[in-house]
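Everything below concerns the one structure shown next.
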Amino acid sequence: MSKSDIGLIGLAVMGQNLVLNMADHGFSVVVYNRSADKTDEFLAGEASTKSIKGAYSLKEMVENLASPRKVMLMVKAGDVVDLFIDQLVPLLDEGDIIIDGGNSLYTDSTRRTNTLKEKGILFIGTGVSGGEEGARTGPSIMPGGNLGAWESVKPIFQAISAQVNGEACCDWVGKEGAGHYVKMVHNGIEYGDMQLISEAYQLMREGLGMSADECHQTFSEWSKGVLDSYLIEITAAILTFKDTDGSPLIDKILDAAGQKGTGKWTGISSLDMGVPLTLITESVYARCLSALKTERGVASKIYPRTQAPVTEDKQIILQSIHDALYASKIISYTQGYMLIKEAEKTFSWDLNYGGIALMWRGGCIIRSTFLAEIKRAFDEKPDLQNLLQDAFFEKAIKTSEPNWRKAIIFGIEQSIPTPTLSSALAFFDGYRSETVSANMLQAQRDYFGAHTYERIDAPRGERFHTDWIQSGGKISSTSYEV
């Protein structure tokens, strides 16, 4: 009996769809699930007509794989991944490959890469984005880990991934946890994009009094221009769905958002590395605030909302919301790339920034039209310090800025929260300011804690301390010895 090209563990929806996708592209797959009933059900369904066979033990699955054996895990991130790895290792030979396709924390992928390398097993930690539909028809795949495994899995991954202009939305990201790190940042940007669109929607519904159908028409139009993206498309589609009574389904959905942690991980990483990921982190906090549904209900009665009369033409305000959303999306991607660049330095990864944009152009949740411009920007200037220093994005921000401010002012006047739209503008104003208020902050730190400061008339790195209260002398916090 011929051996299969790859094995996959975990037949939830993502796992099943990836297997069907692989089979559609000519690869033979052997599958295993802890619940044998799920394996039987899958094999009796759509898989019955494809080059897919089932295994009822890990040993049986491994024995049915061609060498080097490739085993992909599509299971819950965390301890479950380690549990399966521990069971697989005794069954595998040197040079065999374990692939983790779940949303694992990048530090876990780094640990697994190094631990398995010592045992002669090659490990890949790969982000897979696109949801159920992407898994079935072509996701964005972001592999990292042990480079020695790439040539063996490359034909499979690049065949099943989304294709844009004949290019696969999959390429090698980097060593250790780089693949899952890039996927984590992708998810952080996704959090930001979703919150930005939600704020734009609320400005339309509650600020301008637009119906769900009117909002649908607006988002549909926006999806044909510079805001063209998957999330804008599905937002327009969501607004067409009606409940059983004929009213918009969106109005029946409770305004309390959930989250699975990848946005939080992105924010934590940014704090660890000192990168101002303000928009993405604010989007996580917006979800946290939304979860306080009962408390918000009480507060709404204590502090009833006031709304100023809308005196400006509706189309003018809509254009300002459009421009604010566009500029803020640029800031979201800008901050995401800032974090990736800092991670590359911190972990000594060698990343291809244009290649990352290419991987995000199709299949994934954050795919949008201006990712092509990000790829172009880094292709033209690989050492580009910041996306805001590229001519295309400079023009886009300068063109959008007046309306960006106008939209946020409109939200303030209508008492509608715009945490990510506002934080994006605050970041931009800070980034483009040669002088900010940190001199006062440093003076305060030196005053109460003798933390020292630098002077504008001295070389960078030279530290000074002032005896502000005439009792501390010249001792600074850097002089303390314990």
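Counting with my numbering, you get residues 1424 to 1905 for the letters of the sequence shown. Quick reminder that beta carbons are idealized off the backbone N, C-alpha and C, glycines included.
- Task: Compute the Euclidean distance between the alpha carbons of Val-1551 and Asn-1526, then round it to the nearest angstrom.
- Result: As a position in the sequence shown, residue 1551 is number 128, starting the count at 1. As a position in the sequence shown, residue 1526 is number 103, starting the count at 1. Approximately 8 Å, taken between the alpha carbons.
- Query: Of all the options Thr-1685, Gly-1600 and Asp-1519, which has the alpha carbon lying nearest to the alpha carbon of Gly-1615?
  - Reply: Locating residue 1615 in the sequence shown gives position 192, where the first residue counts as 1. It is Thr-1685 whose Cα lies nearest to the Cα of Gly-1615.
- Can you tell me the Cα-Cα spacing of Asp-1666 and Met-1627, whole angstroms? The residue labelled residue 1666 in the question sits at position 243 within the sequence shown. The residue labelled residue 1627 in the question sits at position 204 within the sequence shown. Their backbone Cα atoms lie some 21 Å apart in a straight line.
- Task: Would you tell me roughly how many angstroms separate the C-alpha atoms of Tyr-1624 and Ser-1563, rounded to the nearest one?
- Result: As a working note, residue 1624 is residue 201 in the sequence shown. As a working note, residue 1563 is residue 140 in the sequence shown. Cα to Cα, Tyr-1624 sits roughly 27 Å from Ser-1563.
- Message: On the CB-based measure, 16 or more other CB atoms within 10 Å of its CB, does Met-1445 come out buried or exposed?
- Response: By one-based count along the sequence shown, residue 1445 stands at place 22. Met-1445 comes out buried.
- Query: Counting contacts by CB-CB distance shorter than 8 Å, is Lys-1798 in contact with chain D?
  - Reply: Chain labels in this structure do not include chain D; a single protein chain is all it has.
- Query: With which residues is Pro-1671 paired in a DSSP beta bridge?
  - Reply: Numbered from its first residue, the sequence shown carries residue 1671 at position 248. DSSP, once it has assigned bridges, lists Lys-1665 as partnering Pro-1671.
- Message: Would Arg-1559 and Asn-1440 be called neighbours here (beta carbons separated by less than 8 Å)?
- Response: Counting from one through the sequence shown, the residue named residue 1559 turns up at place 136. Counting from one through the sequence shown, the residue named residue 1440 turns up at place 17. Contact annotation: Arg-1559 and Asn-1440 have beta-carbon atoms nearer than 8 Å.
- Which runs of the alpha helix (DSSP H) fall wholly inside the region 1460-1491 and span at least 4 residues, in chain order? With a minimum length of 4 residues, the continuous alpha helix (DSSP H) runs that stay inside the region 1460-1491 are 1481-1486.
- Task: Tell me where the alpha helix (DSSP H) around Val-1649 begins and ends.
- Result: Taking the first residue of the sequence shown as position 1, residue 1649 is located at position 226. In this chain, Val-1649 is not harboured by any alpha helix (DSSP H), its DSSP state being neither H nor E.
- Query: Given 8 Å as the limit, is there contact between the region 1698-1716 and the region 1845-1853, that is, 3 or more CB pairs closer than that?
  - Reply: The answer is yes - the region 1845-1853 touches the region 1698-1716, with three or more Cβ pairs under 8 Å.
- Who are Ile-1547's beta bridge partners in DSSP? Reading the sequence shown from its first residue, position 124 is the one you call residue 1547. Looking at the DSSP assignment, Ile-1547 forms a beta bridge with Ile-1522 and Gly-1568.
- Give the C-beta separation of Trp-1688 and Leu-1528 to the nearest angstrom, bearing in mind that I take them to be a contact with Cβ-Cβ under 8 Å. Translated into the one-based positions of the sequence shown, residue 1688 becomes position 265. Translated into the one-based positions of the sequence shown, residue 1528 becomes position 105. Right, the Cβ-Cβ distance comes to about 6 Å (below 8 Å), so this counts as a contact.
- Any idea if Met-1863 is buried or exposed, counting beta-carbon neighbours within 10 angstroms, 16 or more meaning buried? Counting from 1 along the sequence shown, the entry for residue 1863 is found at position 440. Result: exposed.
- Report the three-state DSSP secondary structure of Ile-1429 (helix, strand or coil). In the sequence shown, the residue the question calls residue 1429 occupies position 6. Looking at Ile-1429 - three-state DSSP - the assignment turns out to be strand.
- Could you round the C-beta distance between Met-1782 and Cys-1638 to whole angstroms and report it? I think they count as a contact, below 8 Å. Here residue 1782 refers to the residue found at position 359 of the sequence shown. Here residue 1638 refers to the residue found at position 215 of the sequence shown. That pair is no contact at about 31 Å.
- Query: Nearest-angstrom Cα distance between Leu-1774 and Ser-1743?
  - Reply: Position 351 of the sequence shown, counted from the start, is the residue given in the question as residue 1774. Position 320 of the sequence shown, counted from the start, is the residue given in the question as residue 1743. One alpha carbon belongs to Leu-1774, the other to Ser-1743, and they sit about 36 Å apart.
- Taking just the CA atoms, how far does Tyr-1876 sit from Thr-1889? Stepping through the sequence shown from its first residue, residue 1889 is reached at position 466. Stepping through the sequence shown from its first residue, residue 1876 is reached at position 453. Distance between the alpha carbons of Thr-1889 and Tyr-1876 is about 9 Å.
- When the Cβ atoms of the region 1831-1838 are set against those of the region 1725-1742, are three or more pairs found closer than 8 Å? Contact holds: three or more Cβ-Cβ distances are below 8 Å.
- Item | Identity of the residue in Pro-1882, Ala-1731 and Phe-1801 nearest Ser-1838 by Cα | For the purposes of this step, residue 1838 is identified with residue 415 of the sequence shown, where counting begins at 1. Looking from the CA of Ser-1838, the closest CA among Pro-1882, Ala-1731 and Phe-1801 belongs to Ala-1731.
- Message: Comparing C-alpha positions only, which one of Lys-1768, Ile-1676 and Glu-1486 sits nearest to Met-1696?
- Response: Taking the sequence shown and counting its residues from 1, the one referred to as residue 1696 is at position 273. Answer by Cα proximity: Lys-1768.
- Out of curiosity, what's the CA-to-CA distance linking Ser-1474 and Val-1452? Along the sequence shown, read from residue 1 onward, the residue named residue 1474 stands at position 51. Along the sequence shown, read from residue 1 onward, the residue named residue 1452 stands at position 29. Distance between the alpha carbons of Ser-1474 and Val-1452 is about 7 Å.
- Item | Beta-carbon proximity check, Thr-1530 vs Gly-1600, cutoff 8 Å | The residue you call residue 1530 lines up with position 107 of the sequence shown. The residue you call residue 1600 lines up with position 177 of the sequence shown. A contact, by the Cβ cut-off of 8 Å.
- Under 8 Å by Cβ, that's how I've got Leu-1488 and Ser-1425 pegged, so tell me the actual separation to the nearest angstrom. As a first step, residue 1488 must be located in the sequence shown, where it is residue number 65. As a first step, residue 1425 must be located in the sequence shown, where it is residue number 2. For Leu-1488 against Ser-1425, the beta-carbon gap comes to about 11 Å, at or over 8 Å, which does not count as contact.
- Message: Give me, in chain order, the residues of the same chain whose beta-carbon lies closer than 6 Å to that of Ile-1820; leave out the 5 immediate sequence neighbours on both sides.
- Response: On the sequence shown, residue 1820 is found 397 positions in, with the first residue counted as 1. Ala-1750.
- When you compare only the Cα positions, how much space is there between Leu-1811 and Tyr-1776? The sequence position of residue 1811 within the sequence shown is 388, counting from 1. The sequence position of residue 1776 within the sequence shown is 353, counting from 1. CA-to-CA, the gap between Leu-1811 and Tyr-1776 works out to about 15 Å.
- Query: Relative to the alpha-carbon of Lys-1461, which residue among Tyr-1604, Gly-1778 and Lys-1476 has its alpha-carbon at the smallest distance?
  - Reply: Position 38 of the sequence shown holds residue 1461. When each option's Cα is compared against that of Lys-1461, the closest is Lys-1476.
- Task: Assign Asp-1852 to one of two classes, buried (16 or more other C-beta atoms within 10 Å of its C-beta) or exposed (fewer than that).
- Result: Mapped onto the sequence shown, residue 1852 falls at position 429. Asp-1852 sits exposed, since fewer than 16 C-beta atoms from the chains shown fall within 10 Å of its C-beta.
- Message: Tell me which residues share the same chain as Val-1494 and place their Cβ nearer than 8 Å to its Cβ, disregarding the 5 neighbours each side in the sequence.
- Response: Locating residue 1494 in the sequence shown gives position 71, where the first residue counts as 1. Counting only Cβ-Cβ distances below 8 Å, and skipping sequence neighbours, we find Ile-1429, Gly-1430, Leu-1431, Ile-1432, Met-1484, Val-1485, Leu-1488, Leu-1511, Leu-1515, Asp-1519, Ile-1520, Ile-1521 and Ile-1522.
- Can His-1603 and Gly-1567 be called in contact, C-beta distance under 8 Å? Taking the first residue of the sequence shown as 1, we reach residue 1603 at position 180. Taking the first residue of the sequence shown as 1, we reach residue 1567 at position 144. Yes, Cβ-Cβ distance for His-1603 and Gly-1567 is below 8 Å.
- Query: Who are the Cβ neighbours of Met-1617 in its own chain at under 8 Å, not counting the five residues just before and after it?
  - Reply: Within the sequence shown, the letter at position 194 stands for residue 1617. Shown here for Met-1617: same chain residues with a beta carbon closer than 8 Å to its own, the five before and five after excluded, namely Leu-1654 and Ser-1706 in chain order.
- Message: Does Glu-1613 pass the burial test, meaning 16 or more other C-beta atoms within 10 Å, or should it be called exposed?
- Response: The count along the sequence shown starts at 1 and reaches residue 1613 at position 190. By the neighbour-count criterion, in which 16 or more other beta carbons inside 10 Å mark a residue as buried, Glu-1613 falls on the buried side.
- Boundaries of the beta strand (DSSP E) in which Tyr-1708 is found, first to last residue: Working through the sequence shown from its first residue, we reach residue 1708 at position 285. Counting along the chain, Tyr-1708 falls outside any beta strand (DSSP E), though it belongs to the alpha helix (DSSP H) covering 1701-1713.
- Query: Given 8 Å as the limit, is there contact between the region 1791-1805 and the region 1750-1761, that is, 3 or more CB pairs closer than that?
  - Reply: The way I'd put it, the region 1791-1805 does touch the region 1750-1761; three or more beta-carbon pairs between them come closer than 8 Å.
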